[in-house]
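I have placed the structure first, in the form of structure tokens, so that the comments after it can refer back to it.
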Amino acid sequence: MSMVKLVNVRKSFGDLEVLKGVNLEVQQGEVVCIIGASGSGKSTMLRCLNQLERISDGEIYIEDELSDKRANNKDLMKIDAAKVQSLCTDLGMVFQNFNLFPHLTVIDNVTIAPLIVKKTDKKIAETRALDLLSMVGLSQKKDEYPSRLSGGQQQRVAIARALAMDPKIMMFDEPTSALDPELVGEVLATMRQLAEKGMTMLIVTHEIGFAREVADRVIFMDAGVICEEGTPEEVLLNPKEERTKSFLNKIL
Amino acid sequence: MVEKGFVCSLTGVRVQNFYDEGKINVLTEIQLWAIFNGTIVTLEIAIVAIIFGAIFGVVVALGRLSKNKVANALSWFYIWFFRGTPLLLQLFIIYYAIPIIYLDATGITFEINPMICAFVAFSLNATAYLAEIIRAAIESIDGGQMEAAKALGMSYRQAMTKIIIPQTYKRLVAPLGNELIMLLKDTSLVSTIALFDLLRTTKTMASATGSWIYYIYAAAIYLFLTTIIQVVFDMMEKKLGIYER
Numbered sequence: 022m023s024m025v026k027l028v029n030v031r032k033s034f035g036d037l038e039v040l041k042g043v044n045l046e047v048q049q050g051e052v053v054c055i056i057g058a059s060g061s062g063k064s065t066m067l068r069c070l071n072q073l074e075r076i077s078d079g080e081i082y083i084e085d086e087l088s089d090k091r092a093n094n095k096d097l098m099k100i101d102a103a104k105v106q107s108l109c110t111d112l113g114m115v116f117q118n119f120n121l122f123p124h125l126t127v128i129d130n131v132t133i134a135p136l137i138v139k140k141t142d143k144k145i146a147e148t149r150a151l152d153l154l155s156m157v158g159l160s161q162k163k164d165e166y167p168s169r170l171s172g173g174q175q176q177r178v179a180i181a182r183a184l185a186m187d188p189k190i191m192m193f194d195e196p197t198s199a200l201d202p203e204l205v206g207e208v209l210a211t212m213r214q215l216a217e218k219g220m221t222m223l224i225v226t227h228e229i230g231f232a233r234e235v236a237d238r239v240i241f242m243d244a245g246v247i248c249e250e251g252t253p254e255e256v257l258l259n260p261k262e263e264r265t266k267s268f269l270n271k272i273l
Numbered sequence: 301m302v303e304k305g306f307v308c309s310l311t312g313v314r315v316q317n318f319y320d321e322g323k324i325n326v327l328t329e330i331q332l333w334a335i336f337n338g339t340i341v342t343l344e345i346a347i348v349a350i351i352f353g354a355i356f357g358v359v360v361a362l363g364r365l366s367k368n369k370v371a372n373a374l375s376w377f378y379i380w381f382f383r384g385t386p387l388l389l390q391l392f393i394i395y396y397a398i399p400i401i402y403l404d405a406t407g408i409t410f411e412i413n414p415m416i417c418a419f420v421a422f423s424l425n426a427t428a429y430l431a432e433i434i435r436a437a438i439e440s441i442d443g444g445q446m447e448a449a450k451a452l453g454m455s456y457r458q459a460m461t462k463i464i465i466p467q468t469y470k471r472l473v474a475p476l477g478n479e480l481i482m483l484l485k486d487t488s489l490v491s492t493i494a495l496f497d498l499l500r501t502t503k504t505m506a507s508a509t510g511s512w513i514y515y516i517y518a519a520a521i522y523l524f525l526t527t528i529i530q531v532v533f534d535m536m537e538k539k540l541g542i543y544e545r
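Those sequence lines, one after another, are chains Z and U. Quick note: to get my numbering, add 21 to the position in the first sequence (first position is 1). Quick note: to get my numbering, add 300 to the position in the second sequence (first position is 1).
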């Protein structure tokens with residue numbers, strides 16, 4: 022089953038075209054790592070999927086259902102807002118800067134969206150939150166405020182928070198880029214765990230070693246288009262494109 | 301009515317008595333009550349204004365932040381007018397001009413309660429200032445917070461009420477205390493619309509008796525009240541900032 026599909030997606034910020042016709046389809050259970058230089062449109066692509074940014078042109082499907090279709094910045098479909106919202110909540114997102122809610126304790130960070138968006142019963146939400154927190158290894162921190170946690174711990178809470186909405190696809194936007202090197206491992210371990218459970222994942226990352234290990238498919242983006250894609254061996258070890266080679270040479 | 305009797309008691313017989321007995325500086329019971337009542341007037345206006353100002357301030361601030369052009373323009377205009385004209389003028393418009401406009405329009409005179417006028421004028425004015433304070437506080441919250449809320453499926457309204465606005469509380473305490481102190485002192489303007497606030501009460505006593513000591517009493521009471529505000533708001537700030545380590 023196709024979980025997300027982008028058809029000829031373009032996105033411009035004013036005169037600057039960031040996505041120049043992206044086509045991508047991700048199957049259920051697939052782990053896709055997206056690599057590329059900054060400014061190549063990786064993050065923008067993720068943000069377009071859950072409509073934090075609206076595309077300028079193209080179509081987006083989530084679980085084979087159309088969630089956005091535009092041409093020249095015009096909304097062509099006028100899809101029901103509630104429908105869009107429910108499709109987008111199937112996409113969990115983890116940000117580079119964690120973006121935990123600082124005024125809420127760890128457990129409240131995890132329960133707030135189920136409580137107010139899904140109107141889940143408080144007891145059920147809390148039980149589920151505790152399960153998720155113990156999965157990321159932080160159940161003993163449940164009553165702390167985020168400011169008292171390390172970056173790695175904050176990011177693991179952010180992963181638990183996203184999982185609390187029972188997303189079908191998890192998107193990670195450079196989840197370890199803001200972390201001190203010694204804290205990267207714990208976040209990657211949590212993500213690996215998710216991948217092993219069969220979660221469909223879209224990961225923008227600079228961790229090439231991690232990509233090689235967990236990805237089913239690696240995508241190299243450059244200047245707003247998908248330049249090369251394939252298995253980790255194909256893209257990371259034997260890249261065909263010149264641009265992929267020069268990028269990998271720079272970061273390895 | 302009470303106020304008229306009170307003025308007579310200050311300017312008439314009593315004055316004579318003070319000088320006769322040679323104890324200008326000691327407050328009589330009537331004066332004490334008058335000062336107490338003046339303090340209450342002052343406090344009432346400041347507190348009513350800060351409460352209504354904070355409530356409507358949120359509304360006007362959200363209007364300023366809104367993408368809706370009409371809401372945006374209305375809020376902008378509101379702030380432009382009430383921040384751009386003197387509070388005293390606003391007080392005059394409400395107390396003096398509106399009854400005349402009403403009379404011209406309908407031919408009916410109506411009694412306007414000066415206290416209500418003061419509540420309205422001070423609340424309207426405080427709303428304008430607080431709206432800007434609240435808007436700035438909301439804008440100071442990192443944009444990632446709204447994005448995280450939206451990515452979790454929250455609506456704009458849910459994100460605002462549960463995520464963004466609660467984070468502004470701590471940042472609002474200090475400017476809110478500031479505004480309350482300003483309001484408290486600015487209430488002295490109501491002496492122009494036949495109200496006896498703290499300052500007017502003490503000034504009347506001072507001119508009636510020729511003693512300056514009443515100004516000291518007034519200063520002491522203002523300082524006492526502003527000190528309480530300062531201490532309480534400091535405590536609130538610490539308490540609300542508990543999550544910031």
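Glycine included, every Cβ here is placed at the ideal spot set by N, Cα and C.
Same chain, Cβ closer than 8 Å to residue i, neighbours up to 5 away in sequence not counted
i: U:Thr468; result: Ile434, Ala437, Ile438, Ser440, Ile441
i: Z:Asp164; result: Thr126, Val127, Ile128
i: U:Leu540; result: Tyr469, Lys470, Val473
i: Z:Glu147; result: Ile128, Thr132
i: U:Asp320; result: Per-residue confidence for U:Asp320 stands at a pLDDT of 45, beneath the threshold of 50, marking its modelled position as unreliable; the derived number appears in the next sentence. Nothing listed; no residue qualifies.
Own chain partners of residue i with C-beta closer than 6 Å, once the 5 adjacent residues on each side are dropped
i: Z:Lys162; result: Val127
i: Z:Gln49; result: Met22, Met24, Thr221
i: U:Ser375; result: Val360, Gly363, Arg364
i: Z:Arg182; result: Asn130, Val131
i: Z:Arg213; result: Val235
Interface flag, residue i vs chain Z, CB-CB below 8 Å
i: U:Ala474; result: no
i: U:Glu303; result: Low local confidence applies: a pLDDT of 47 at U:Glu303 is under 50, so the model's placement there is unreliable, with the coordinate-based value given in what follows. Chain Z contact via Cβ: absent.
i: U:Tyr396; result: no
i: U:Tyr543; result: yes
i: U:Lys450; result: yes
i: U:Glu447; result: yes
i: U:Ile463; result: yes
i: U:Met454; result: yes
i: U:Gly338; result: no
i: U:Gly444; result: yes
i: U:Thr526; result: no
i: U:Met536; result: no
i: U:Pro628; result: No answer is possible for residue 628 of chain U: it lies beyond the span of chain U, which begins at 301 and ends at 545.
i: U:Gln331; result: no
i: U:Gln458; result: yes
CB contact below 8 Å: residue i versus chain U
i: Z:Cys69; result: no
i: Z:Ile133; result: yes
i: Z:Phe122; result: yes
i: Z:Gln214; result: no
i: Z:Cys109; result: yes
i: Z:Glu262; result: no
i: Z:Met222; result: no
i: Z:Phe116; result: yes
i: Z:Leu73; result: yes
i: Z:Met186; result: yes
i: Z:Ile137; result: yes
i: Z:Tyr82; result: no
Cβ shell of residue i (< 7 Å), same chain only, five flanking positions each side left out
i: U:Phe483; result: The sequence given here places Leu at residue 483 of chain U; Phe does not occur at that position. The answer, listed in chain order, is Ala346, Ala349, Ile350, Phe422, Ala426.
i: Z:Glu38; result: Arg31, Gly245
i: Z:Glu51; result: Thr221, Asp237, Arg238
i: Z:Thr265; result: Phe241, Cys248, Glu249, Val256
Outcome for residue i when other beta-carbon atoms lying within 10 angstroms are tallied against a minimum of 16
i: Z:Ala102; result: exposed
i: U:Tyr514; result: buried
i: Z:Glu254; result: exposed
i: Z:Ser267; result: exposed
i: Z:Arg169; result: exposed
i: Z:Glu263; result: exposed
i: U:Gly407; result: exposed
i: Z:Arg68; result: buried
i: Z:Met94; result: What sits at residue 94 of chain Z in the sequence shown is Asn, not Met. Under this definition Z:Asn94 is an exposed residue.
i: Z:Pro188; result: buried
i: Z:Gly173; result: buried
i: U:Tyr268; result: Past the edges of chain U, shown from 301 to 545, lies residue 268 of chain U, and the structure says nothing about it.
Rounded distance between the beta-carbons of residue j and residue i, thought under 8 Å
i: U:Glu537; j: U:Lys485; result: No, U:Glu537 and U:Lys485 are not in contact; Cβ-Cβ is about 21 Å, not under 8 Å.
i: U:Thr502; j: U:Tyr522; result: With 8 Å as the limit, U:Thr502 and U:Tyr522 do not qualify as a contact, their Cβ atoms being about 10 Å apart.
i: U:Leu343; j: U:Leu489; result: Contact flag wrong, Cβ pair sits at about 15 Å.
i: Z:Ala179; j: Z:Asn120; result: 7 Å
i: Z:Phe122; j: U:Gln445; result: 7 Å
i: Z:Gly79; j: Z:Val28; result: 6 Å
i: U:Ala418; j: U:Ile493; result: 7 Å
Ranges of the beta strand (DSSP E) found wholly within the region 52-106 of chain Z, counting only runs of at least 3
Here the runs fully enclosed are 52-57, 78-83, 86-92.
Would you list, in sequence order, the uninterrupted alpha helix (DSSP H) runs of no fewer than 4 residues that lie entirely inside the region 427-473 of chain U?
Annotation: the region 427-473 of chain U contains the following complete segments of the alpha helix (DSSP H) (minimum length 4 residues), in chain order: 443-451.
With a floor of 4 residues, list each alpha helix (DSSP H) that falls wholly inside the region 133-179 of chain Z, ordered by position along the chain.
Listed in chain order, they are 143-156.
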